[in-house]
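Residue 130 in our numbering sits at position 130 of the first sequence, and the numbers go up by one each step.
Note that CB positions come from ideal geometry on N, CA and C, so glycine has one too.
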Amino acid sequence: MPGKREHILPQSFYARDPRIVARDLLGKILVRTSSQGATKRRLAGRIVELEVYLGEGDLAAHSAAGRTERNQVLFGPPGHAYVYFIYGMYYCLNFSCMPEGNAGCVLLRALEPLEGIETMAKARGISEDRLGSTSGLRLLTSGPGRLCQALGITRTGFNAEALYKRDSRLQIVEDGFTPGEVRTTMRVGITKSAEMPLRYIIAQNPFVSRG
DNA sequence: CAACCGATCACCT
DNA sequence: GGTGATCGGTTGC
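The structure is reproduced here in structure tokens:
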């Protein structure tokens, strides 16, 4: 469970170089709220792995070829969700960074599940008897496609959603937790601009998607 | 307008 | 370690 005093990160948090944003987002909590009729649901996980995609000189970034209808959130104001569809079956969740007009974003690659674990398991098709072990819990939100499925995040539902508003269904909150050692590695699954160490992980955290 | 291929995952050997 | 599923955006004819 997250600690007592939570507060939402302001939009200005995201209006910076995505390498700084990624470093500062490690250990923060992603909260997804939904109101299904009268009942309010809250799903939450701590961010343990991110990748950075730069606005300039990064051929692996969706913004590399300029603004299109699909990627326009990346060029818009900071602190908004950029959700894209990949491999015909998965979604990936990014946060726009840098002041408006500049691309640059962070990709969420893994969370440590904190709240709503049974709901996440259902969304992922994971049976409840696997949730007692770390290896079972890892199946929920360790991986960019997995975490979107666990939280019910799709492009039509969440692309362009603001992260810094009180009534947003997607928020980043801070609870005082500070990660230990942070490491950077090469990014996963890309071929272009692959040599830049733009993957940020909390060292030794068991919910990191690999390595 | 057809072909290609990807910021993935699950399941196989 | 390898590969098929599955489809929208982008590229190239």
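Top-ranked residue by Cα proximity to residue i, from the options
| i | options | result |
| --- | --- | --- |
| Arg70 | Gly143, Gly79, Ile86 and Gly125 | Ile86 |
| Thr141 | Phe75, Ser12, Ser35 and Arg210 | Arg210 |
| Ala81 | Gly189, Tyr90 and Arg169 | Arg169 |
| Pro197 | Thr178, Tyr53, Gly37 and Leu137 | Tyr53 |
| Glu174 | Gln72, Arg19 and Val31 | Val31 |
| Ile29 | Gln36, Arg5 and Glu56 | Arg5 |
| Gln171 | Thr185, Arg187, Phe95 and Gly125 | Phe95 |
Cβ-based burial, residue i [other Cβ within 10 Å; buried from 16]
| i | result |
| --- | --- |
| Ile153 | buried |
| Ala103 | buried |
| Pro144 | buried |
| Gln36 | exposed |
| Ala150 | buried |
| Phe177 | exposed |
Other residues of its chain near residue i: CB distance less than 6 angstroms, five sequence neighbours each side excluded
| i | result |
| --- | --- |
| Asn205 | Val48 |
| Pro77 | Glu100 |
| Ile201 | Glu49, Arg183 and Val208 |
| Arg19 | Val52 |
| Tyr90 | Gly145 |
| Thr33 | Arg42 and Arg169 |
Distance between beta carbons of residue j and residue i, contact taken as under 8 angstroms
| i | j | result |
| --- | --- | --- |
| Leu93 | Leu108 | 5 angstroms |
| Val214 | Cys97 | A query on residue 214 cannot be resolved here, the shown segment of the chain reaching from 1 to 211 and no further. |
| Ala212 | Leu131 | Residue 212 is absent from the structure shown; the chain starts at 1 and stops at 211. |
| Glu41 | Thr156 | One detail in the question is off: residue 41 reads as Arg in this sequence, not Glu. Contact doesn't hold; Cβ gap of about 19 angstroms is too wide. |
8 angstroms CB neighbourhood of residue i in its chain, flanking five on each side removed
| i | result |
| --- | --- |
| Asp17 | Cys97, Met98 and Gly104 |
| Arg166 | Ile8 |
Cβ shell of residue i (< 7 angstroms), same chain only, five flanking positions each side left out
| i | result |
| --- | --- |
| Arg23 | Val182 and Tyr200 |
| Phe158 | Ala81, Val83 and Leu170 |
Between the segment 184-200 and the segment 59-74, can you find at least three pairs of beta-carbon atoms closer than 8 angstroms? yes
Please confirm if the segment 38-53 is in contact with the segment 92-112, defined as three or more CB-CB distances below 8 angstroms between the two stretches. The segment 38-53 makes contact with the segment 92-112, as at least three CB pairs between them are under 8 angstroms.
Using 8 angstroms as the threshold, is the segment 5-23 in touch with the segment 148-168, meaning 3 or more CB pairs across them? yes
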